[in-house]
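One structure below.
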Amino acid sequence: MALASGVAMASVPGMLKKAFEYNRDNFMEDREQRMKKEFAEMKYKITQAGLWREDVRDFVSLTEMKMSLYLIVNVLLLGFTMTLWCEGQLPESTPDWLVMGNQTATVSAFAFLLLTVWLAMHASVAAQAYQTRVLTQLVRLPIPTWNEIEACRTAASEFEKVNSRQMFRVPFAAGKQENYAAGNTAAGAAATTCPVASGNTGGHSQEVTADHASLAADPWGLERRGDDIYELGEYSGMEVAKLRHMKLMRQAAVYWQTYDAFARVSMSVGINQLMLAMIYYILG
Numbered sequence: 001m002a003l004a005s006g007v008a009m010a011s012v013p014g015m016l017k018k019a020f021e022y023n024r025d026n027f028m029e030d031r032e033q034r035m036k037k038e039f040a041e042m043k044y045k046i047t048q049a050g051l052w053r054e055d056v057r058d059f060v061s062l063t064e065m066k067m068s069l070y071l072i073v074n075v076l077l078l079g080f081t082m083t084l085w086c087e088g089q090l091p092e093s094t095p096d097w098l099v100m101g102n103q104t105a106t107v108s109a110f111a112f113l114l115l116t117v118w119l120a121m122h123a124s125v126a127a128q129a130y131q132t133r134v135l136t137q138l139v140r141l142p143i144p145t146w147n148e149i150e151a152c153r154t155a156a157s158e159f160e161k162v163n164s165r166q167m168f169r170v171p172f173a174a175g176k177q178e179n180y181a182a183g184n185t186a187a188g189a190a191a192t193t194c195p196v197a198s199g200n201t202g203g204h205s206q207e208v209t210a211d212h213a214s215l216a217a218d219p220w221g222l223e224r225r226g227d228d229i230y231e232l233g234e235y236s237g238m239e240v241a242k243l244r245h246m247k248l249m250r251q252a253a254v255y256w257q258t259y260d261a262f263a264r265v266s267m268s269v270g271i272n273q274l275m276l277a278m279i280y281y282i283l284g
């Protein structure tokens, strides 16, 4: 009996050494995985922000394409109007009221078509200007700072700061590593929702429960969770309309949509007057 006890006591240091080495190897492996995860997170955030910048360009390109079509069509109509005005002379026997109607309609068509060109150019320039402002000032790529990159690595000496029970935890027999981590002790806390601040290019708040947000993302209780990272996540449908960059573009669109609308109205009136001038010319 005494011999068995002596053998058991003699094997304790070896068991502790094995447990220590096992847990330290796990710690170092987890730190390497954590660094890779942080770099992947930065990459995904930049990719997501890049998609948002493409959304801004797509939003403005619709107006630019419309204004380009308006300009081409109205320049051609202006040329036709000038030709009708200069070379479409009515016979001397034409009644005065018909000549007056023809000249009035031609001048009105020229004025409204020229106004359409000005409005379309202004709308296009304003849209491009606000696109530049949004892309250069408001929707930027979340490039990590030096401090953020530095925080991705973990020194091997950090293992010395963990709980001693984690250092010498016996696999399977002593339970999970998470049970000893300080960051995972809030599992029994009351679940209350709280708004989480947005990220670099974010603007809306996400609801995260207090107990869920307090839990660490790793068994050692050293990593934060990423539930509140604005750039991570898949947005579709109505969710896209609520994103910050879309709200910014809707607010900026106020400054050029008016010119867009009046350009369409002016073009409609100009074409109407041009058709009326042609009718007078045919009658004459």
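For the sequence shown, our numbering assigns the number 284 to the last residue and increments by one with no breaks. Don't be surprised by glycine CBs; every beta carbon is placed ideally from N, CA and C.
Local conformation of residue i per DSSP, three classes
i, result
"Ala252", "helix"
"Ala156", "helix"
"Lys17", "helix"
"Glu92", "coil"
"Ser266", "helix"
"Leu243", "coil"
"Val170", "coil"
"Ile229", "coil"
"Phe112", "helix"
"Arg224", "coil"
"Ala190", "Note that Ala190 scores 37 on pLDDT, short of 50, meaning its location in the model is unreliable; the coordinates nonetheless yield the value given after this. Looking at Ala190 - three-state DSSP - the assignment turns out to be coil, as it is neither helix nor strand."
Expected contact under 8 Å - CB spacing of residue i and residue j to nearest Å
i, j, result
"Tyr130", "Tyr255", "6 Å"
"Met67", "Ala151", "Actually they do not touch by this definition, with Cβ atoms about 47 Å apart."
"Leu232", "Lys45", "7 Å"
"Phe20", "Phe168", "6 Å"
"Leu283", "Leu98", "6 Å"
Cβ pair residue i, residue j closer than 8 Å
i, j, result
"Ala277", "Thr116", "no"
"Val60", "Ala127", "yes"
"Arg34", "Thr154", "yes"
"Thr81", "Thr106", "yes"
"Gly101", "Tyr281", "no"
Problem - Validate contact between the segment 72 to 88 and the segment 239 to 250 using beta carbons, cut 8 Å, 3 pairs - result: no
Practice task
Taking 8 Å as the threshold, find out whether the segment 158 to 173 comes into contact with the segment 63 to 75 through three or more Cβ pairs.
Solution key: no
Exercise for the section: Entirely within the segment 116 to 165 and at least 3 residues each: give me those beta strand (DSSP E) ranges in chain order. Expected result: None, since the segment 116 to 165 contains no complete beta strand (DSSP E) of that length.
Exercise for the section: Determine contact between the segment 111 to 123 and the segment 261 to 271, defined as no fewer than three beta-carbon pairs at a distance below 8 Å. Expected result: yes
Handout entry: Three CB pairs or more closer than 8 Å across the segment 133 to 152 and the segment 35 to 51
Key = yes
Exercise for the section: Jot down the residue ranges of each uninterrupted alpha helix (DSSP H) in the segment 39 to 92, minimum 4 residues, whole runs only, in chain order. Expected result: none
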